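**Q** Can you read through this structure? Questions will come right after.
Residue numbers (the working numbering): -16 to 271.
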């Protein structure tokens, strides 16, 4: 086992993530400007597309990391049946869910029930589709709706905070089903779908537009929040949340969905691109 992988098992994940949480919100100008410049230069971040292109104008590093983009920077696919990519990044894996199991990378897989923390909730996806998008430090870190839908429930599942970088995903079995995550269940015009926001070491902060900061605090048990009947209905392409530091978003779709067969591991993707199709994707379900 490589040293970088072995360290994933022994490092104090949550302690290190808390340190990063504090460091990325420190407003001391030399500190935050140094961090921002390291990312901009090291990852060739395109600030011309940001609503605020001046890196020194951000109050702290996290404000830069979760920066909004200029209007029109992410054109949305207009086809009525399009399923949209939820995040900027690269495809980790995408394809069919076979007998209720999702492939992670290079062979390992895990069950949808493990990922969702619920056997019953996994049933609609037994023969469905999935797409996993990895966000790197250079990417836009807001997550958008792949389909129009009404929020039904969120499930905060406790777990580790392994890195979700490609080297760790390839080496740590069932990584996405082991990391702390927020499962967001929606009702769409053509059935249920889910967006799973996966935390990671040093990058474990998750917010939603309906619940504000969701992680941290870190969970010690599965925590459910029922949002039915509260009128949280989001259009296709609307912002649904963000990562305070980057991570991974996984979309689960029913069998009626079809993903673009050209999607492949390491393929660069952007918010709003069509990654598949499903009838009526741009329609919100009736209230209730």
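For glycine and all other residues, C-beta sits at the position ideal for the given N, C-alpha and C. The structure displayed is predicted, hence computed values, not measured ones.
Relative to the alpha-carbon of residue 142, which residue among 182, 207, 118 has its alpha-carbon at the smallest distance?
**A** Here residue 142 corresponds to residue number 159 of the chain shown, with the count starting at 1. Of the listed residues, the one whose Cα sits closest to residue 142 is 182.
**Q** Give every residue of the same chain whose Cβ lies closer than 7 Å to the Cβ of residue 324, excluding the five residues on either side of it in the sequence, and list them in chain order.
**A** Outside the displayed range of the chain (-16 to 271) lies residue 324, so it cannot be described from this structure.
**Q** Can you give me the start and stop residues for the alpha helix (DSSP H) that residue 96 sits inside?
**A** One-based indexing of the chain shown puts residue 96 at position 113. It spans 95 to 99 - the alpha helix (DSSP H) in which residue 96 sits, taken as one unbroken run.
**Q** Quick check: what's the CA-CA separation for residue 201 versus residue 168?
**A** As a first step, residue 201 is located in the chain shown; it is residue number 218 there, counting from the start. As a first step, residue 168 is located in the chain shown; it is residue number 185 there, counting from the start. One C-alpha to the other measures close to 20 Å.
**Q** Are the stretch 113 to 123 and the stretch 200 to 220 touching, with three or more C-beta to C-beta distances below 8 Å?
**A** With the cut-off at 8 Å, the stretch 113 to 123 and the stretch 200 to 220 do not touch.
**Q** Would DSSP call residue 174 helix, strand or coil?
**A** Taking the first residue of the chain shown as position 1, residue 174 is located at position 191. Correct three-state label for residue 174: strand.
**Q** Going by DSSP, name the residue or residues bridged to residue 86.
**A** Looking up residue 86 in the chain shown gives position 103. The bridge partners DSSP lists for residue 86 are 92.
**Q** Count the CB pairs spanning the stretch 68 to 82 and the stretch 237 to 251 that are closer than 8 Å, and state whether there are at least three.
**A** Enough Cβ pairs lie closer than 8 Å, so yes.
**Q** Could you spell out where the alpha helix (DSSP H) holding residue 45 opens and where it closes?
**A** One-based indexing of the chain shown puts residue 45 at position 62. It spans 44 to 48 - the alpha helix (DSSP H) in which residue 45 sits, taken as one unbroken run.
**Q** Could you give the DSSP three-state label for residue 20: helix, strand or coil?
**A** In the chain shown, residue 20 corresponds to position 37, counting from 1. In the structure shown, residue 20 sits in a helix (DSSP, three-state: H, G or I).
**Q** If you reduce the DSSP assignment to three classes, tell me which class residue 140 lands in.
**A** As a working note, residue 140 is residue 157 in the chain shown. Residue state, collapsed to three classes: strand.
**Q** Take every Cβ of the stretch 228 to 243, pair it with every Cβ of the stretch 193 to 209, and state whether three or more of those distances are shorter than 8 Å.
**A** no
**Q** Name the DSSP beta bridge partners of residue 65, please?
**A** In the chain shown, counting from the first residue as 1, residue 65 sits at position 82. Residue 65 is bridged to 260.
**Q** Between which two residues does the alpha helix (DSSP H) carrying residue 205 extend?
**A** Reading the chain shown from its first residue, position 222 is the one you call residue 205. No alpha helix (DSSP H) contains residue 205, which DSSP labels as neither H nor E.
**Q** Just curious, the beta strand (DSSP E) that residue 224 is in, first and last residue?
**A** For the purposes of this step, residue 224 is identified with residue 241 of the chain shown, where counting begins at 1. Here the beta strand (DSSP E) through residue 224 covers 222 to 227.
**Q** So, with DSSP's three-state summary, where would you put residue 26?
**A** Counting from 1 along the chain shown, the entry for residue 26 is found at position 43. Helix at residue 26.
**Q** Take residue 10 as the anchor and find which of 99, 139, 40 has the nearest alpha-carbon.
**A** The residue you call residue 10 lines up with position 27 of the chain shown. Of the candidates 99, 139, 40, the one whose C-alpha sits nearest the C-alpha of residue 10 is 40.
**Q** Which residue or residues does DSSP assign as beta-bridge partners of residue 52?
**A** On the chain shown, residue 52 is found 69 positions in, with the first residue counted as 1. Residue 52 is bridged by DSSP to 33.
**Q** Under 8 Å, do residue 232 and residue 69 count as touching if we go by C-beta distance?
**A** Position 249 of the chain shown, counted from the start, is the residue given in the question as residue 232. Position 86 of the chain shown, counted from the start, is the residue given in the question as residue 69. Contact flag set, yes.
**Q** Which word fits residue 190, buried or exposed, when buried means at least 16 other C-beta atoms lie within 10 angstroms of its C-beta?
**A** To locate residue 190, count along the chain shown from 1; it is residue 207. So residue 190 ends up on the buried side.
**Q** Buried or exposed for residue 226, please, with buried defined as at least 16 other CB atoms from any protein chain shown within 10 angstroms of its CB.
**A** Position 243 of the chain shown, counted from the first residue, corresponds to residue 226. Of the other Cβ atoms in all chains shown, 16 or more fall within 10 Å of the Cβ of residue 226; this residue is therefore buried.
**Q** Beta-carbon within less than 8 Å of residue 38's beta-carbon, same chain only, minus the 5 sequence neighbours each way: which residues are those?
**A** Taking the chain shown and counting its residues from 1, the one referred to as residue 38 is at position 55. Correct list, in chain order: 16, 19, 20, 23, 30, 47.
**Q** Does the beta-carbon distance from residue 151 to residue -12 come in below 8 Å?
**A** Position 168 of the chain shown holds residue 151. Position 5 of the chain shown holds residue -12. Cβ atoms of residue 151 and residue -12: closer than 8 Å.
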